[in-house]
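*Asks:* Going by our numbering, the sequence shown runs without a break in its numbering and finishes at 332. Below you will find the structure I want to go over with you.
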Amino acid sequence: MTSVRLGLLAFAVILCLLVGLSAGSVPLSLHEVWAGLWQPNAMATAIVRDLRAPRVALAFLVGGSLGICGAALQAMIRNPLAEPYLLGLSSGAGLGAVIAIATRAGGAWAVPLAAFIGALSAVALVYRLSLVSGRRLDPHVLLLSGVVVGAFAGAMMSAVMVLSDAPGVRNAFLWLLGGFSSASWRALAVFAAYASVPLALLLFHARSLDLIALGDEPAHYLGAEVDRLRRLIYLCTALLTAASVATCGIIGFVGLVVPHAVRTGFRPLHRTLLPIVFLVGGCFLVLADVVSRTVVRPLELPVGVVTALIGVPLFALLLRRTLA
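And the structure:
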């Protein structure tokens, strides 16, 4: 990657963050944003520091994490259509989170932990369905299994929300569509605590992702422990997806749109691809959040609606190319 492209990418990241801090129901100029960040007595300090800064930071981290999840799953399954939402990970994590809310599980870690268990259960079920089919880890079978598991988890979430009398469960519908209206520094800290280890592991195994993308047999002959690596990728992507769902709800198609967009402009190895995907994914979700809170101002659209409006047409295009 040339220094010019790196500089342009850094400029784009800074610009996206500034746009995220300035846009909203109360538009702020860049001067007001700067004053709100660095001057404790400025008029915009409360808006910038307490409301928008944690929201923008959380959107950036979640977008980057979901982008890396998509890139890792696509390398492992060798299918550009793979991403956490389409493979049932997001729906499984959402079901776990809703059950935790319905049972009134307390503590800052209860909902993320339940979401992680739900994501792992979805992974196990998708994998089991692929084994039953007799075509182990066939890309198309895994994709169809993920759609089936996601639909089942969605139906279960609806049943839990209708039948439970726990406060807040029946209002969880908007949360399940994804959004950052409840973002805070505490939510950011919880997400960072969950996401730091799996992100580091995926970045550390970037070369192994290059090998497994070649196929199981070539990867094995080149020294990769394929089964162990596959389990590690599943665990890391499940944890990242669970942390995202527990903090901001179900936001789909980020892991589909971002890696595909990056690969369109670059053909790097994963040690370069993953950091780029993280930055572009962060920018993508920050801008999607900006659209969600400005397009029907003063109302706010769920961010998941915005990403779906972008991701569904791209998914249809990729599906047509894959099956052609």
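Using N, Cα and C, we set each Cβ at its ideal position, and we do this for glycine too.
Which residue's Cα is closest to the Cα of Val294: Leu325, Ala203, Leu26?
*Replies:* Comparing Cα-Cα distances from Val294 to each of Leu325, Ala203, Leu26, the minimum goes to Leu26.
*Asks:* Taking all protein chains shown into account, do 16 or more other C-beta atoms lie within 10 angstroms of the C-beta of Leu81, making it buried, or fewer, making it exposed?
*Replies:* Buried, since its Cβ has 16 or more Cβ neighbours within 10 Å.
*Asks:* Return the chain-ordered list of same chain residues with a C-beta closer than 7 Å to the C-beta of Ala130, the five sequence neighbours on each side being excluded.
*Replies:* Taken in chain order, the residues that qualify are Gly96, Leu97, Ser99, Gly100, Val157, Ala161.
*Asks:* Hey, quick one: how far does the alpha helix (DSSP H) through Met84 stretch, first residue to last?
*Replies:* 61 to 85 is the extent of the alpha helix (DSSP H) around Met84.
*Asks:* Rounding to the nearest angstrom, what Cα-Cα distance links Ile55 and Pro226 in this structure?
*Replies:* Their Cα atoms are separated by approximately 54 Å.
*Asks:* Would you mind reading off the limits of the alpha helix (DSSP H) that contains Thr280?
*Replies:* Its alpha helix (DSSP H) spans residues 278 to 302.
*Asks:* I need the boundaries of the alpha helix (DSSP H) containing Ser252, first residue and last residue.
*Replies:* Run containing Ser252: 234 to 256, per the alpha helix (DSSP H) assignment.
*Asks:* His39: buried (16+ other C-beta within 10 angstroms of its C-beta) or exposed?
*Replies:* Counting Cβ neighbours within 10 Å, His39 comes out exposed, since fewer than 16 surround it.
*Asks:* Can you tell me which of the three DSSP states Val334 falls into?
*Replies:* For the chain, the structure presents residues 9 to 332; residue 334 sits outside this window and is missing.
*Asks:* Does the segment 184 to 201 come close enough to the segment 47 to 54 to have 3 or more Cβ pairs within less than 8 Å?
*Replies:* Contact between the segment 184 to 201 and the segment 47 to 54 is absent, because fewer than three Cβ pairs lie under 8 Å.
*Asks:* Mapping DSSP to helix, strand and coil, what is Glu91?
*Replies:* Of the three classes helix, strand and coil, the one that applies to Glu91 here is coil, per DSSP.
*Asks:* For His228, does the three-state DSSP call read helix, strand or coil?
*Replies:* Of the three classes helix, strand and coil, the one that applies to His228 here is helix, per DSSP.
*Asks:* Using a 10 Å radius around the Cβ and a threshold of 16 neighbouring Cβ atoms, would you call Asn49 buried or exposed?
*Replies:* Classification for Asn49: exposed.
*Asks:* In three-state DSSP terms, what is Asp173?
*Replies:* Coil at Asp173, not helix or strand.
*Asks:* Just verifying my parser: in three-state terms, what is the DSSP assignment at Val34?
*Replies:* Three-state result, Val34: coil.
*Asks:* Do you know how far the Cα of Leu137 is from the Cα of Ala221?
*Replies:* Using only the alpha carbons, I get a separation of about 22 Å.
*Asks:* Buried or exposed for Ser153, please, with buried defined as at least 16 other CB atoms from any protein chain shown within 10 angstroms of its CB.
*Replies:* It counts as buried.
*Asks:* What would DSSP say about Phe19, mapped onto helix, strand or coil?
*Replies:* Helix, per DSSP.
*Asks:* Roughly how many whole angstroms lie between the Cα atoms of Val198 and His228?
*Replies:* Whole-angstrom Cα-Cα distance: 37 Å.
*Asks:* Do Val304 and Val285 have their C-beta atoms within less than 7 Å of each other?
*Replies:* No; because the gap between Cβ atoms is not below 7 Å, this pair is not in contact.
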